[in-house]
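Novice:
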Amino acid sequence: MNKRITALLLVIVATLLGWMQYQAKDETNGLDNLIKKEGMPDYTGNRMSTSVFDLEGKPEYYAEAEEIKRYEESEKTEFTNPLVNLFDKLTALKQWKLSAEHAEINAERILTLSGHVTLQALEPTSKLQRIETDHLSVNLTTQDVFTDSEVKSQGLGFTTTGVGLKGNLKQQVATLLKDVKSYIEPTVIKVANEQEKEKQ
C-alpha cells in the first residue's frame with residue numbers, strides 16, 4: 000500500500016509542477032506583449048482626430064483617420080484612410096480637403112499621401128478645384144505640393160492630365176511636368192473672370 004500512496008503522491012507532485020511551469024510561461028508571454036519591440040509604434044489609436052495650430056493660435060490643419068500610429072524615434076506619424084483639412088492662414092477657414100488610403104507626416108512636416116489621393120478645394124471660386132493622383136506630398140508649412148505620378152487636375156474652365164506635378168495651394172498654382180493634355184472650357188473661364196471683376 001505504501002508503494003501505491005508514493006506513486007499517487009509522485010503523480011500529484013508532477014502534475015502540480017507542470018501546472019506551475021505552464022502558468023509561469025503564460026505570465027512571461029503576457030509581459031512580452033507589453034514590451035515595445037523595435038520597429039513597433041510608440042502608440043496607436045483608432046478613429047482619432049487631431050488639430051494643429053500655429054503660434055498665434057490659428058488653425059493650420061485638422062486630420063482624422065481610422066488608425067494612427069506614432070513613432071517617436073523617427074518623429075513619424077502614419078494614418079490609415081486619412082482626411083486632412085488645410086486652413087487659410089489669413090481667414091482661418093478650411094481651404095483644402097485631402098483624402099487617401101494611407102498618409103505619413105515626418106519631422107519636416109511633409110505629408111505624404113498614397114492610394115487614390117484626392118485634393119479638393121473647399122472654396123467654390125478657387126481657380127484650382129481638384130487634383131487626383133496615386134501619390135502626393137504636401138509641405139504643411141508652405142503648402143507646396145509635388146508628385147512624380149500621373150495626375151488629373153481640374154479647375155474653373157479646365158481639366159488637365161499629365162505626369163508629375165509641382166505647385167502651391169496658397170497661390171492656387173499647379174504645374175504638370177510632362178505628357179500634358181489640357182481641355183479648356185472658355186465660357187466657364189469668361190464667367191469666372193467676370194465674377195472676379197465684379198468683386199473688385
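Okay, so the sequence shown: first residue is 0 according to numbering that gives the first Met the number 0, each after it adds one.
No residue lacks a Cβ here, since even glycine has one placed at the ideal position from N, Cα and C.
This structure is a prediction, so every number in the text was calculated from the model and none was measured.
1) Starting from residue 141, follow the beta strand (DSSP E) in both directions and report where the run begins and ends.
2) Going by DSSP, what residue range makes up the beta strand (DSSP E) through residue 108?
3) Give me the DSSP bridge partner(s) of residue 7.
4) Could you check which residue in 4, 100, 14, 106 has the C-alpha nearest to that of residue 131?
5) Check whether the stretch 119 to 127 touches the stretch 135 to 150, counting contact only when three or more Cβ pairs, one atom from each stretch, lie closer than 8 angstroms.
6) State the CB to CB distance for the pair residue 162 and residue 135, rounded to an integer number of angstroms; the pair is presumed to be in contact (CB under 8 angstroms).
7) Which partner residues of residue 120 appear in the DSSP bridge assignment?
8) Can you give me the start and stop residues for the beta strand (DSSP E) that residue 175 sits inside?
9) CB residue 67 to CB residue 90, shorter than 8 angstroms?
10) Do residue 144 and residue 173 have their beta-carbon atoms positioned less than 8 angstroms apart in this structure?
11) Measuring only the C-alpha atoms, how far is residue 83 from residue 151?
12) Quick one, are the C-beta atoms of residue 78 and residue 102 less than 8 angstroms apart?
13) Tell me which residues share the same chain as residue 146 and place their Cβ nearer than 6 angstroms to its Cβ, disregarding the 5 neighbours each side in the sequence.
Specialist: In brief:
1) Taken as a continuous stretch (DSSP letters only), residue 141 belongs to no beta strand (DSSP E), as it is neither H nor E.
2) Run containing residue 108: none; DSSP gives neither H nor E here.
3) BP columns for residue 7 are empty, so no partner.
4) It is 100 whose Cα lies nearest to the Cα of residue 131.
5) Output reads no: the stretch 135 to 150 does not touch the stretch 119 to 127.
6) Not a contact, Cβ separation roughly 13 angstroms.
7) Looking at the DSSP assignment, residue 120 forms a beta bridge with 95.
8) Secondary structure note for residue 175: its beta strand (DSSP E) is the uninterrupted segment 172 to 183.
9) no
10) yes
11) 20 angstroms
12) yes
13) 132, 134, 135, 164
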